[in-house]
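Data block below; observations after.
Protein chains in written order, with my numbering: chain V, 1 to 254; chain X, 255 to 642.
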């Protein structure tokens with residue numbers, strides 16, 4: 001079974017700060033990492049490979065330093081890495097197009113695994129767009145995946161219910177965070193990752209002249225301000241006021 | 255404009271592999287150690303389950319060569335491992351340090367091929383945990399005063415004596431034991447042995463109740479006519495004192511890294527708390543008194559870490575590193591204590607309760623100034639190398 005895992009380098013959002021005056025996120029110096037849910041996709045790929053054998057290729061679009069993040073995925077258990085170097089301002093359309101072109105260049109594959117969304121922008125568009133461009137079946141929001149010889153079955157998280165869906169190969173599956181617990185690489189695997197190949201392809205070599213269709217006008221952090229309401233009088237009376245106030249704000253239902 | 259005057263710039267940063275190791279161990283410690291560290295301390299429980307998980311990740315064979323099943327890593331990588339583990343649990347940190355620095359390392363350096371083949375794979379896989387038994391009731395800093403005896407009878411050494419304050423003593427399976435083989439030769443009459451806990455006459459005595467590092471299984475070891483096969487002599491007869499000092503030099507890097515981990519944890523906790531705790535209508539982080547403490551902690555921690563890396567680097571180059579290891583251990587351990595005191599101060603009354611991690615850090619930090627050479631001994635080592 002040949003599996004392609006799409007993994008994105010993102011900033012570690014837990015380390016990100018927002019400028020108090022401009023409300024703009026301060027991105028400089030924030031550590032980079034592989035988007036968490038893409039690691040779940042990788043973990044699922046390892047499990048499928050353990051059962052069926054084959055090869056795992058990790059595919060990333062990003063700046064040149066994303067190579068270091070690819071090494072983390074190689075240490076987890078991928079066999080080969082491909083980095084498509086691209087400018088910073090690419091949008092979902094360009095990303096999905098470049099991924100599709102890269103996958104066509106890779107050639108033979110049975111399954112593409114992606115995270116349901118990346119933890120930075122969380123659009124959830126890439127998996128479905130990619131499946132569309134490649135004209136292959138897709139199963140999104142997978143809670144579990146059972147890969148058999150000629151078909152794959154997955155339970156999809158639809159919020160208040162789960163839907164079991166089946167597809168033939170090749171298929172694209174996006175996984176949720178709940179699907180598994182991504183493994184940590186051992187020291188030996190980290191050392192071994194240095195010897196695994198990472199190919200670098202440029203965006204232009206895959207498809208030239210691509211331009212973003214969406215323009216990002218502004219990126220602003222969400223500011224949360226405290227209301228500083230203090231209820232100091234009789235406890236019972238204060239509780240009543242607090243509940244009224246919370247209901248009015250829509251925090252609790254009545 | 256001066257670029258052409260610098261032939262090769264000195265790089266003061268970890269390489270990519272070291273960064274990956276740091277990230278992996280940090281994540282492991284956060285996920286597997288942090289949630290249980292306070293409980294282990296409270297119950298004085300040895301971290302067996304954590305060690306099993308660490309073994310799977312290769313963290314118990316960090317410095318053991320790959321041919322013996324280890325990862326064969328450099329000393330800076332090893333220091334990173336000990337720092338990150340200690341940042342969440344100082345007890346597990348010292349167990350890791352002793353296992354690698356004080357047990358695996360002397361076998362790698364002084365052991366025969368047979369000894370390496372027999373013991374290093376077991377240590378690398380964590381099938382048995384290592385301990386280092388040199389200290390005795392009357393032989394602490396003055397190791398030459400040890401009284402445990404070893405007499406060769408046929409194909410076995412018969413060892414009798416009592417060892418105190420042995421880290422992992424409660425659970426260790428492979429123990430480097432020092433004993434006097436020739437009393438008339440003074441410190442040159444001490445020899446080192448590789449002992450297994452299954453040897454007849456080996457006994458674990460009392461488990462010490464301590465101020466801190468309560469999960470490290472510190473125990474008394476008792477040897478009553480313990481028979482040790484002749485081939486388990488480490489190095490030659492009479493080389494024990496030299497082996498002990500050489501091993502402790504390497505061990506100091508591990509303890510220094512442990513101290514950096516404790517100090518960093520104190521800083522982490524202080525930053526988080528001071529930004530949340532409100533007094534006089536604003537977070538206490540906005541008061542200069544708090545800011546100065548945090549700035550001092552961070553500065554000393556960075557300095558300590560670079561001393562650890564510098565000693566590690568020298569060791570990997572194969573150069574003498576006694577002075578650097580002593581400096582790292584001295585400065586990092588005093589920084590750990592200083593940082594833990596400041597962290598408790600920043601936390602105020604809450605920091606004095608067991609609800610908060612800094613209380614444990616305060617108790618754990620003190621030992622780093624004492625074991626594997628007190629601060630006073632480190633100063634002697636440093637002075638001796640300067641005034642030679």
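Cβ coordinates follow ideal geometry from the N, Cα and C atoms, glycine included.
Apply the 10 Å Cβ neighbour rule to residue i and answer buried if 16 or more other Cβ atoms are within range, or exposed otherwise.
i                      : result
residue 64 of chain V  : exposed
residue 141 of chain V : buried
residue 19 of chain V  : exposed
residue 642 of chain X : exposed
residue 12 of chain V  : exposed
residue 38 of chain V  : buried
residue 239 of chain V : exposed
residue 302 of chain X : exposed
residue 350 of chain X : buried
residue 340 of chain X : buried
residue 320 of chain X : exposed
residue 452 of chain X : exposed
residue 161 of chain V : exposed
residue 185 of chain V : buried
Leaving out five residues on either side along the sequence, give the residues of the same chain with a beta carbon under 7 Å from the beta carbon of residue i.
i                      : result
residue 139 of chain V : 154, 156, 165, 167, 171, 173
residue 200 of chain V : 83, 85
residue 497 of chain X : 360, 364, 446, 488, 489
residue 213 of chain V : 91, 93
Going by alpha carbons, who is nearest to residue i out of the options?
i                      : options                    : result
residue 183 of chain V : V:218, V:111, V:73, V:137  : V:73
residue 130 of chain V : V:92, V:228, V:201         : V:92
residue 518 of chain X : X:498, X:548, X:532        : X:548
residue 98 of chain V  : V:204, V:238, V:35         : V:204
residue 283 of chain V : V:178, V:123, V:159        : A question about residue 283 of chain V goes unanswered here, because the residues of chain V that appear run from 1 up to 254.
residue 710 of chain X : X:359, X:274, X:513        : With chain X running from 255 to 642 in the structure shown, residue 710 of chain X is simply not present.
residue 481 of chain X : X:337, X:408, X:374        : X:408
residue 110 of chain V : V:77, V:186, V:52          : V:52
residue 90 of chain V  : V:102, V:5, V:77, V:61     : V:61
residue 267 of chain V : V:208, V:121, V:102        : Residue 267 of chain V lies beyond the stretch modelled for chain V, which goes from 1 to 254, so this question has no answer here.
residue 159 of chain V : V:176, V:187, V:147, V:169 : V:176
residue 231 of chain V : V:246, V:217, V:221        : V:246
residue 366 of chain X : X:295, X:308, X:485, X:289 : X:485
residue 553 of chain X : X:590, X:535, X:567        : X:590
residue 227 of chain V : V:206, V:105, V:249        : V:249
residue 127 of chain V : V:136, V:114, V:242        : V:114
residue 312 of chain X : X:545, X:627, X:326        : X:326
residue 125 of chain V : V:96, V:135, V:24          : V:96
residue 463 of chain X : X:437, X:503, X:441, X:419 : X:419
residue 546 of chain X : X:309, X:597, X:299, X:469 : X:597
Please work out which residues of its chain come closer than 6 Å, Cβ to Cβ, to residue i, disregarding the five sequence neighbours upstream and downstream, and give them in chain order.
i                      : result
residue 255 of chain X : Interpretation of residue 255 of chain X is limited by its pLDDT of 48, a score under 50 that renders its predicted location unreliable; the figure taken from the coordinates is listed afterwards. No residues qualify anywhere along the chain.
residue 152 of chain V : 167, 171
residue 354 of chain X : 316, 317
residue 429 of chain X : 385, 387, 449
residue 570 of chain X : 328, 329
residue 587 of chain X : 513, 622, 623
residue 594 of chain X : 520, 615, 616, 619
residue 431 of chain X : 387, 447, 449
residue 36 of chain V  : 119
residue 308 of chain V : Any answer about residue 308 of chain V is impossible in this case: the structure gives chain V only from 1 up to 254.
residue 402 of chain X : 415, 433
Against residue i, what residues of chain X qualify as contacts under a CB-to-CB distance less than 9 Å, listed in chain order?
i                      : result
residue 185 of chain V : 274, 278, 311
residue 247 of chain V : Neighbours of residue 247 of chain V on chain X: none; closest Cβ ~27 Å, over 9 Å.
What does residue i reach in chain X if we use C-beta pairs closer than 7 Å?
i                      : result
residue 190 of chain V : 271, 274, 275, 278
Residues of chain V with CB closer than 8 Å to the CB of residue i, please, in chain order.
i                      : result
residue 316 of chain X : 187
residue 282 of chain X : 184
For residue i, return the contacting residues in chain X, with the cut-off set at a CB-CB distance below 8 Å.
i                      : result
residue 194 of chain V : 271
At least one CB of chain B closer than 8 Å to the CB of residue i: is that the case?
i                      : result
residue 357 of chain X : No chain B is present in this structure, whose protein chains are V and X.
Can you find the residues in the same chain that come closer than 8 Å, C-beta to C-beta, to residue i, ignoring five residues on each side of it along the sequence?
i                      : result
residue 537 of chain X : 528, 529, 530, 531
residue 198 of chain V : 67, 70, 71, 74, 80, 81, 82, 83
residue 106 of chain V : 4, 57, 59, 82
residue 256 of chain V : A query on residue 256 of chain V cannot be resolved here, the shown segment of chain V reaching from 1 to 254 and no further.
> When you check each C-beta in the region 54 to 85 of chain V against every C-beta of chain X, which residues fall closer than 7 Å?
Replying inline: 68, 71, 72, 75
> What residues in the region 318 to 345 of chain X bring their beta carbon closer than 7 Å to a beta carbon of chain V?
Replying inline: 325, 327
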